[in-house]
Amino acid sequence: MDESVIVSPDWLAAHLDDPTVCLVDVRDAWEYDGIGHLPGAVTIPFDSYRDDSDVDRGTLPGDEAFAELLGDAGISEDDTIVAYDDTHGVFAARFVLTAIEYGHDDVRLLDGDYSAWNREHETTSETPDIEPTDYEPDPLEPGESPLIGYDAVEAALERDALFVDTREQDEFEEARLPGAVRFDWREVIDEETRRLKSEAELEDLLAARGITPDREIVLYCNTARRISHTYVVLTALGYEDVHFYEGSLTEWLDHDGAVESGSVDD
1 MDESVIVSPD WLAAHLDDPT VCLVDVRDAW EYDGIGHLPG AVTIPFDSYR DDSDVDRGTL
61 PGDEAFAELL GDAGISEDDT IVAYDDTHGV FAARFVLTAI EYGHDDVRLL DGDYSAWNRE
121 HETTSETPDI EPTDYEPDPL EPGESPLIGY DAVEAALERD ALFVDTREQD EFEEARLPGA
181 VRFDWREVID EETRRLKSEA ELEDLLAARG ITPDREIVLY CNTARRISHT YVVLTALGYE
241 DVHFYEGSLT EWLDHDGAVE SGSVDD
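Structural data, given as structure tokens:
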């Protein structure tokens with residue numbers, strides 16, 4: 001697994017004293033304060049970097065709002081960010097995707113979550129001293145960004161890209177993009193350890209659904225949260241041609257896009 005994308009708890013434990021490594025806790029503020037957090041972590045709750053009113057860019061907060069969040073948290077453009085949550089990484093992965101979109105060069109996901117870390121490593125209730133920065137985002141150009149919109153999705157359907165639906169079975173059966181295969185984002189998680197399954201297991205799981213590195217892949221769910229985790233995992237496994245449908249099924253249905261329904265072999 002590529003450590004420039006996903007890091008293990010042991011890697012993080014060895015880098016806790018590195019001043020250029022910034023931990024971002026995306027849980028609710030009450031969890032950060034009341035339950036505890038990783039040593040040195042700053043709090044940037046999930047709802048602070050999602051803006052459901054942004055009809056043009058899905059739920060991205062906008063570069064100015066994101067810059068203010070990171071600046072207030074004391075993060076600089078050249079820092080290594082490691083994000084975590086307590087929900088197997090799905091909310092933290094959304095932070096990773098957002099930071100990538102706004103041009104942060106080094107942002108990673110913690111393999112596992114707060115509970116996985118807490119099994120072998122210490123947590124704290126002490127809030128770190130923060131010196132705000134003047135964070136300057138550098139948003140990706142459309143050709144550089146993994147995010148695509150409705151028109152690009154239509155074009156991808158025409159050229160037979162592989163559409164991967166990361167939702168649950170009942171959602172998939174109710175309505176899905178034409179020809180999509182289902183791969184529940186949680187399938188990559190080892191429920192006992194709360195961490196990712198081994199690289200070999202992940203590759204076998206993906207290959208069984210035809211999700212292989214040689215395919216052009218378009219990920220979608222309902223509101224582009226769950227696909228964030230799958231996107232990060234695929235990137236860490238070396239997949240290069242992966243697109244992220246930010247509007248997901250919500251936008252597709254709003255545009256009266258064609259859908260399929262019913263059960264399929266899964």
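Using the UniProt record's numbering, the letters of the sequence shown map in sequence onto residues 1 to 266.
Cβ atoms here follow ideal geometry from the backbone N, Cα and C, with glycine treated the same way.
From a predicted model like this one, the values you see are computed outputs, not experimental measurements.
Legend entry - Proximity below 7 Å, CB of residue 32 to CB of residue 66: no
Legend entry - Beta-carbon separation (whole angstroms), residue 194 vs residue 88, contact threshold 8 Å: 6 Å
Legend entry - For residue 80, the first and last residue of its enclosing beta strand (DSSP E): 80-84
Inset, instruction - Given a cut-off of 7 Å, decide if residue 227 and residue 219 are closer than it, judged by their beta-carbon atoms. - result: yes
Inset, instruction - May I ask you to report which of helix, strand or coil DSSP gives residue 111? - result: coil
Inset, instruction - Whole angstroms is fine: what's the gap from residue 56's alpha carbon to residue 120's? - result: Residue placement at residue 56 is poorly supported in this model, since its pLDDT is 48, which falls under 50; the coordinates are not used for a value here.
Inset, instruction - Check each candidate in 140, 260 and 191 and name the one with the smallest Cα separation from residue 115. - result: 191
Legend entry - Closest Cα partner of residue 38 within the set 257, 24, 258 and 204: 24
Inset, instruction - Could I get the ranges of all uninterrupted beta strand (DSSP E) runs contained in the segment 127-169, with 3 residues as the minimum, in chain order? - result: 162-165
Legend entry - residue 161 to residue 214 span [Cα, whole Å]: 11 Å
Legend entry - Bridge partners - residue 22, DSSP secondary structure assignment: 81
Inset, instruction - Determine the closest residue to residue 64 out of 93, 49 and 74, with distance taken between C-alpha atoms. - result: 49
Inset, instruction - Would you give the residue range spanned by the beta strand (DSSP E) that residue 102 belongs to? - result: Unbroken run through residue 102: none, as it is neither H nor E.
Legend entry - Status (buried if at least 16 other CB within 10 Å, exposed otherwise) for residue 47: exposed
Legend entry - residue 245 (DSSP reduced to helix, strand or coil): strand
Legend entry - Cα-Cα separation between residue 153 and residue 129, rounded to whole angstroms: 45 Å
Inset, instruction - Indicate the three-state DSSP secondary structure (helix, strand or coil) for residue 31 in the structure shown. - result: helix
Inset, instruction - Please go through the same chain and pick out, in chain order, the residues whose beta-carbon is closer than 6 Å to the beta-carbon of residue 131, but skip the five residues on each side of it. - result: 74
Inset, instruction - Please report how far the alpha carbon of residue 79 lies from the alpha carbon of residue 20, in whole angstroms. - result: 5 Å
Inset, instruction - With a threshold of 16 other CB atoms inside 10 Å of the CB of residue 253, please say whether the residue is buried or exposed. - result: exposed
Legend entry - Supposed close pair residue 76, residue 150 - CB separation, criterion 8 Å: Actually they do not touch by this definition, with Cβ atoms about 35 Å apart.
Inset, instruction - Using a threshold of 7 Å, state whether the C-beta atoms of residue 45 and residue 29 are closer than that. - result: yes
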